[in-house]
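Comments concern the structure below.
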Amino acid sequence: MRSVFLLISASALAAPVDFVREVRPILERHCQECHGGKKQKSGLRLDIKSEALRGGDNHGPDILPGRAKDSPFIHFLTTDDEDELMPPKGRLPQAEIDTLIRWVNEGAAWPDGVDKAKVEDRRDHWSFKPVQVSGFKFQVSSSAQSAVSGKLEPSPIDRFIDAKLSEKGLHRSPPADPAAWLRRVTFDLTGLPPTPEETDDFLKRQDHAAVVERLLASPRYGERWAQHWLDVVRYADTHGFEVNTERPNAWPYRDYVIRAFNNDTPYDRFIREQIAGDALGEDAATGFLVTASVLLPGQIGKDEPSKRLARQDSIDEIVVNIGQTFLGLSIGCARCHDHKFDPISAKDYYSMQAFVAGVEYGERDLRTPEALAARERLKQVKAELAGLDLRLSRFVPIARSGVKRPMVDARENRDRFLPVKAKRLRFTVRDTNNLEPCIDELEVFTTAGENIALNAAVTVSGEKVTADRHEQRFVNDGSYGNSRSWMSNEVGKGWVMVEFAQEQEIDRVVWGRDRQGKFKDRLATSYVIEVADASGAWKSVADSEDRQRFDTRERTQPAFSIEGLRKEEAAEAQRLLKQKRPLDEELQKLDVSQKVFAGTFRIPDDIHLLNRGDPEQPKEPVVPAVLSALGDLKLTKETPEQQRRIALADWIASPRNPLTARVMVNRIWQGHFGTGLVETPSDFGRMGMKPTHPELLDWLAAEFIRSGWSVKHMHRLIVLSATYRQSGFSFGRNDAAKAAATLDAESRYLWHFPSRRLDAEIIRDSMLAVSGRLDLKMYGRGFNLFDKRGGLTGFEPVEMLTPENTRRMIYAHKVRREPEAVFGAFDCPDAGQSTAVRRSSTTPIQALNLFNSRFTLDTAAAFAARVKKEAGEEASKQVARAFRLALGRHPTAAELGDAEPTVRQHGLAVLCRALFNSNEFLFVP
Amino acid sequence: MNPDLLSPAGRHLLDRRRFLNGSATALGSIALTQMLGADGLLAANGPVIDPARPYAPRQPHFPAKAKNVVVIFCAGAVSQLETWDYKPELIKWDNKPLPGGPAVTFQGPAGNLARPQYDFRPRGQTGKWVSDMIPHLAELTDDIAFVHSLTSKSNTHGPAENFLSTGFTLDGFPSLGAWTTYALGSENQDLPSYVAIPDPRGVPQNGANNWGPGFLPAAFQGTTMSSKSPVRHLSAPGVSAQADQAARSLLQRMNARHLEGHPGDQKLAARIASYELAARMQLSVPEITDLGTEPAHILKMYGADDTQNADKAAFARNCILARRLIERGVRFVQLFNGAYASGGKLNWDGHSDLKAQYDVHAGILDQPAAALIRDLKQRGLLQDTLVVWCTEFGRMPFFQKGAKGRDHNPDGFTCWMTGAGVKPGVSHGECDELGQKAVKDVHPLYHFNATILHLLGLDHERLSFEHNGIRRRLTNVEGRVIPEILA
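As given, the protein sequences belong to chains A and B, one line each in that order.
Mapping the first sequence onto this note's numbering, position 538 (from 1) lands on 538, and the numbers just tick up by one.
Heads up, this note's numbering is the position in the second sequence plus 1000, with the first residue counted as 1.
Pasting the structure below:
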């Protein structure tokens, strides 16, 4: 910038710089390649007056009229810093720089009306405009089937499709054979193949509408369609990231989604429940808000920037989820800069954050009637257990009374002593059986039997943190077991100190390594318990010296020893123990049944616009407001947390929102045809694909709203249409088909039904169903696909069939990012990011898995056993039955002739294994 | 579809289909438009993938310097100060507080500055100072291009390993290897195109996300394999060879008959082809994981014969496996050194007692990894192969309070590359004199990843995939190639 000052005075002598003649050519030649119509690097555009004067993302305004010296625009042209210099290819000729400096200093005159380009109105986009229902109106009955003829009449859908086909010179294919339609619609609505009996029944009665009603009423329907939804919201049963810990109570949300589809919960209500279910008596529905991966407290850095970034990431996931799931918009890009293509500014984005700025990821109590009852029961059980414990504790020998006390036990230990006043209590570990000591719970009881350590202030010598497992706070949180425990950071030693609110008289300490009895390592084998009264004087009240020496060979020692007790005492103790056992068991069960990992809510954070998304660079504060291009709903800063979410949900779930209904009917359409009318189901923005049939999409959206947002109504309309009923691709059929294939290979215009490979879950479920092993138990805690339910590494698959894992795959405990050993390769989403469309890739790994896995061999064996039972010993009957079960049809003579000798020679399981791998089994016809 | 790559049965099917269609050209055009997966692949810049041969070799954007890649991924964050980035000032400042330094870092309060825990000495022609912790690797410095000024977007292992492997801190984005094989396929159709070899002690912190396909087709995910545990489901347990063959041939006939009813359907043909590929893999994978044919001097060179150090011997066998995979044209091999979070016991996360822990880890890494590079070189493979050494971030110049280890440092750390297309013997970029922050030629990891793609003939801005409305890239909206380390 050395030369700038000289030139200022020189410029006064020359005629004023002319923008069009002198400035614009320089901008065109050197700048607009990156800062013009095609690209706007750093958000800067130099071909349109308004945009240029507004400036880019980082330095705007870049041009300060009259102040070349201060203008970033001139700085970047003249800087000596090579990393900053513009253009990056090399410095402009000095004469051109001089011209630009003069131009800026003279006031950066940029005449109106000379620009060659115009700012596009980014709001001028089809999906942001109201749903249009123009042209023909139809009367739609719940069944499009004519009762008299038994034939299906063309539905409104068919008229839209046919209109487009004839416009393209294409024709609908003839109807598929009835068995193929039945198989198709059964897979589509329930994710399972029809049984031979269902096929026979349909072929006899040919009542399409009755079939559809039967399928929609089946609980299997919700299990199938919930899967689509869980894909989109990236549901999983672990927390993700490095530790990938189990998220043990995520599944009530999964069950909520299944129930919602089965009940045909109106879609607008479905939206409201997921965003603000806590206000609607549907706590589990708010699991939607927190489906993403999240860093748990112990995993976040202790420095403040780490905490702020983690919080921003967790709110971002919620906003992104809402945007893409309900609105089909990628809002997330605006976290760092205004959206490049859609009319979503960074301010819009942070205003959306403000709606959910009080949402935390956590567990909350389920308030279903069952859960409320369970909670009541829990209180009772705990009270009863406490009473029994108090009575039992009488039978423990008092420390230092001269009686040898039993050796320490990993499960539970009681130290009784004479009543003493205590303000603080310290438990010091002096040695362990191995490693750093670990204590799952330290309880201190008053003479009245109250545990005053519970949630008291606690200090520890040090800790080795494993987030959500070993943390200081777990040592007195009332939860038992290794996964809620404190671990010292020193081998063989460490101490825990609790401080009570006020001095109290205590007579008992109860502690353990793992009350659930799984872990026996890290046990304090030598320890001392000391107590300080209000004056602060410490004294020792119990230690391990009068216990039996710890010896691991002694494996059979009971948790409670009657040794040293009088005969009557022992009998009484055993009676109490017997009463305790069922209550302990009940307690375990009750604990799980009542929580859901869902949104938990608090006073919202203040949200600021962040420069380039950096939490360390906050700019002006924002209030909750919807995307400015789509509405003007704006709330005050004072709006309470829940009201914010309710307002957002109402705005999304409104019939006037142009995106909501369109996005959902498109997802439903995609579920039936493999591809949506809009090929990019979670992007209805300007980068997304345009609808192939815009009028049809709008008609469906309007019909969806008119029907009361009934998803099942949309299924009926679609699967009973002639479009859905037509046959699949047959390239060899005739010349017309060949020509059509050249024109529209993927059948986007639906000149034939686009067949597709079954999704991973359907393959697995269908193999189990066909083999007679499918367990239809619904809901609840997921079954194991691996030897563990979360954690760092080494997930060993459970490959054998177990009584648990023959349930439908939607009930599997979903470990984020860990592909299921056999079916993961079939494009099963990993729940990292949202999956709006299942891809369908074909790989040799899939072939190896499906051909050789234990799962396939076991289900093939079960299938063979079933067939033998149902068809008897004759090979031809077995082949016929196997074909009917797996493929829904009889074998041809040629197939029979081919399979029979193989079955005779190598056994029926060989045929079953081949059937499970056959293309016919694996494709929706 | 190249008929030569199919079995006689496959060729028969193809011929029959040609016969039925009467037009090979129409079929060809369908092959081009019927893509693997519905979304994205038609994007102007995406590769065109034949569903029947997802791993077929494909052309890069421009002539490539490197055909294959081996990434040596050191999980847990290797300290730059104990390895490649010599900071003699730290010796002067040893055990003194860092004026104006942070009070609290990732794991807690900061302690005093600490000198490098190993001695350094100049090496080779370039005289580059490298630590005595890694004597074998140190001998290779003349061939290496170091980048000493890398930065990460996260100071937490999980997100940071995601960032290194996928360019995003969040879960669920495609890994570098997935992008590479999506773009380029593989030179060998009988082996997986992308192999991830976990450390014998366990998988790294973000597990499968480091070799995941994200939203790319599953075909491009890394297949895990190691000298200890080969690919799953290579054979059917408890099934006799005859029954196995009977099932296979029955399946073949069923599928052939079905295809006759659906002539020209590429998806069906692709599945048939996949079973033939699988059958070949069943033979080629056990062959490649069997190191029995490796001569004694090679085992010795890698340290695979070390009976004193089982972890080192196992890692050495993984290194030999990596070489064998590259030798056979596998596109992308990711070789992990270091497992999951374990207080630094099983990986490079040296928080508590760095020197003691690094003595162990270096003993496992050093000789085998150096031998791998030497072996690739002596076989002429390094001309076509890029070798990358990387870690998710570096470590602080001070110890943690009350400990003898260093905390996480995402603001300045070192990774390097060598081999095809890499300028040998350069050290690019600098941290401040205490090694806390990159100050000269600062490169977010985006740049490092963009450079890897560049060497493979790929433009990181063009290699993209449309996902939920965003044209996704390995380098997000950032990144540039680092020309200073290119030959």
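Backbone N, C-alpha and C define an ideal beta-carbon position, used for all residues, glycine too.
If the cut-off is 9 Å on Cβ atoms, which residues from the stretch 592-623 of chain A count as contacting chain B, listed in chain order? none
In or out: ALA524/A buried (at least 16 other Cβ within 10 Å) or exposed? buried
Compare the Cα-Cα distances from ASN1206/B to each of GLY1238/B, ALA1077/B, GLU1260/B and report the closest residue. ALA1077/B
With distances taken between CB atoms, is the gap from ALA871/A to ALA861/A smaller than 9 Å? no
Spatial neighbours of PRO618/A within its chain, please: CB distance less than 7 Å, with the 5 preceding and 5 following residues excluded, ordered by chain position. HIS608, LEU610
Just to confirm my understanding: we take TYR221/A, look at its own chain, exclude 5 residues before and 5 after, and list those with CB closer than 7 Å. What are they? LEU189, THR190, LEU215, PHE261, ASN262
Residue interval of the alpha helix (DSSP H) (run including TYR350/A): 346-355
Please return the same chain residues whose Cβ sits closer than 7 Å to the Cβ of PRO1102/B, not counting the five positions on each side in sequence. ALA1110
Measure how close the beta-carbons of LEU182/A and VAL211/A come, nearest whole angstrom, since I'm counting them as under 8 Å. 7 Å
So what's TRP1179/B in DSSP terms, helix, strand or just coil? helix
THR1105/B CB to nearest chain A CB: under 9 Å? yes
Would you say ALA1052/B faces chain A, with C-beta separation under 9 Å as the test? yes
Counting only C-beta atoms, is LEU896/A closer than 9 Å to chain B at any point? no
Helix, strand or coil at ALA825/A [DSSP, three-state]: coil
Below 8 Å, can you find three or more Cβ-Cβ pairs linking the stretch 433-442 of chain A to the stretch 513-527 of chain A? yes
When you compare the CB of ASN1309/B with every CB in chain A, is at least one pair closer than 9 Å? no
Mark ASP965/B as exposed unless 16 or more other C-beta atoms lie within 10 angstroms of its C-beta, in which case mark it buried. Outside the shown range of chain B (1001 to 1487) lies residue 965/B, about which nothing can therefore be said.
Anything in the stretch 849-860 of chain A with a Cβ closer than 9 Å to a Cβ of chain B? List those residues in chain order, please. ASN849, LEU850, PHE851, ASN852, SER853, ARG854, THR856, LEU857, ALA860
Please classify ALA642/A as buried or exposed, where buried requires at least 16 neighbouring CB atoms within 10 angstroms. Here the sequence assigns Gln to residue 642/A, which means Ala is not the residue at that position. Exposed, by the Cβ-count rule.
At least one CB of chain B closer than 9 Å to the CB of ASN919/A: is that the case? yes
Using a Cβ-Cβ cutoff of 7 Å, what residues of the stretch 1338-1352 of chain B are near chain E? List them in chain order. Checking the listed chains, one finds no chain E in this structure; the protein chains it contains are A and B.
For PHE1413/B, which residues of its own chain have a beta-carbon under 6 Å away from its beta-carbon, when the five flanking residues on both sides are left out? GLN1080, LEU1150, PHE1393, GLY1394
Span of the beta strand (DSSP E), counted from its first residue to its last, around ASP543/A: 538-543
Let me know if ALA144/A comes out buried or exposed under the rule of 16 or more other beta-carbons within 10 Å of its beta-carbon. Confidence at ALA144/A is low in this model, with a pLDDT of 41, below 50, so the placement of that residue is unreliable and no value is reported for it.
Proximal residues, the stretch 875-904 of chain A versus chain B, C-beta separation under 8 Å: ALA894, GLU895, ASP898, ALA899, THR902
Cβ of GLU33/A versus every heavy atom of the ligand ATP: is any distance shorter than 8 Å? As for the ligand ATP, it is missing from this structure, which has no ligand bound.
Would LYS1360/B pass as an interface residue toward chain A - the criterion being a Cβ-Cβ separation below 9 Å? Checking the sequence, you will find Val at residue 1360/B rather than Lys. No, because no Cβ of chain A sits closer than 9 Å to the Cβ of VAL1360/B.
I'd like the list of long-range same chain contacts for ASP348/A, defined as Cβ closer than 7 Å, with 5 residues on each side in sequence excluded. ALA334, LEU627, SER628
For HIS35/A, does the three-state DSSP call read helix, strand or coil? strand
Specify the secondary structure class of PRO1122/B as computed by DSSP and reduced to three states. strand
Paired residues, beta bridge with ILE529/A - DSSP: PHE427/A, ALA542/A
Using a Cβ-Cβ cutoff of less than 6 Å, which residues in the same chain neighbour VAL185/A once the five nearest sequence positions on both sides are dropped? VAL719
Would you call SER1240/B buried or exposed, if buried means 16 or more other Cβ atoms sit within 10 Å of its Cβ? exposed
When LEU1486/B, PRO1483/B, ASN1476/B are compared against LEU1170/B, the one with the closest alpha-carbon: ASN1476/B
Considering only residues of the stretch 1272-1342 of chain B, which uninterrupted beta strand (DSSP E) runs meet the minimum length of 3 residues and lie entirely inside it, listed in chain order? 1332-1337
Residues in the stretch 815-833 of chain A having any Cβ partner in chain B nearer than 9 Å: ARG816, ARG817, GLU818, PRO819, ALA821, VAL822, GLY824, ALA825, PHE826, ASP827, CYS828, PRO829, ASP830, ALA831, GLY832, GLN833
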